[in-house]
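Okay, structure first, notes after.
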Amino acid sequence: MKKHFSFIAGLFLVMFTSLYCFAASPAEEISKHPELSGKLENGVRVIEVKASRYKFEPDPIVVGLGEKVRLIVTSADVAHGLAIQELNVKLSIPAGKTEHIEFIADKQGEFQAYCSVYCGPGHGHMQASFIVK
Ligand SMILES: [Cu+2]
92 MKKHFSFIAG LFLVMFTSLY CFAASPAEEI SKHPELSGKL ENGVRVIEVK
142 ASRYKFEPDP IVVGLGEKVR LIVTSADVAH GLAIQELNVK LSIPAGKTEH
192 IEFIADKQGE FQAYCSVYCG PGHGHMQASF IVK
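Residues in the sequence shown are numbered consecutively from 92, following the numbering used here.
In structure tokens, the structure reads:
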């Protein structure tokens, strides 16, 4: 009888888990990342980002809606770019250098931060998720 019960309970668990996964909307995708990236300095969200072939770290980058954001991006190897179309962000980082850009995160959503300077064969896949929540 006990065995029977745990089987049923297990079955329900699997059902609810899969239901939850299929029902996950973009809004839930955003709320999965409650932690804001970087730290607040004098009201500015300062985030250090490392760009290297072919990724950005951290990924995702999470900020609050309406925050002033300063991205400080360092290239660990060749020249890279960091662009977020929806937020008018475009930055070029020479090989081995650090550059920064400031902007207001005035649109809510999950955007794509991508490399805008050709950096090698994996360039087209060099991107990170930029979440404004
Ligand atoms: Cu690139």
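For glycine and all other residues, C-beta sits at the position ideal for the given N, C-alpha and C.
Who are the Cβ neighbours of Cys112 in its own chain at under 8 Å, not counting the five residues just before and after it? Here Cys112 scores only 43 on pLDDT, less than 50, and its place in the model should not be relied on; the value that follows carries that caveat. Nothing listed; no residue qualifies.
Is the CB-CB distance between Pro185 and Ala174 below 8 Å? no
Going by beta carbon distance, what residues of the same chain come within less than 7 Å of Tyr205, once the five residues before and after it are set aside? Ala174, Met217, Gln218
Does at least one heavy atom of ligand 1 sit under 7 Å from the Cβ of His216? Because no heavy atom of ligand 1 lies under 7 Å away, the Cβ of His216 does not count as near it: no.
Considering only residues of the same chain and omitting the five flanking positions on each side of Phe221, which have a CB-CB separation below 6 Å? Ile152, Ile175, Phe202, Ala204
Spatial distance of Ala114 from Gln199 (CA atoms): Unreliable positioning characterises Ala114 in this predicted model, as indicated by a pLDDT of 48, which lies under 50. The coordinate reading is nonetheless provided below. The alpha-carbon atoms of Ala114 and Gln199 are separated by roughly 21 Å.
Using 7 Å as the cut-off, classify the Cβ of Ser191 as near or not near the heavy atoms of ligand 1, replying yes or no. Per the sequence presented here, residue 191 reads as His, with Ser not at that position. Outside the cutoff, so no.
So is the beta-carbon of Val208 under 7 Å away from any non-hydrogen atom of ligand 1? Yes, ligand 1 has a heavy atom inside 7 Å of this Cβ.
If you drop the 5 nearest sequence neighbours on each side, which residues of the same chain put their C-beta closer than 7 Å to that of Ile192? The beta carbon of Ile192 is closer than 7 Å to those of Leu162, Val180, Leu182 in its chain, skipping five residues each way along the sequence.
Extent of the continuous beta strand (DSSP E) to which Gln218 belongs: 218–223
Could you spell out where the beta strand (DSSP E) holding Leu131 opens and where it closes? Per DSSP, Leu131 belongs to the beta strand (DSSP E) from 130–132.
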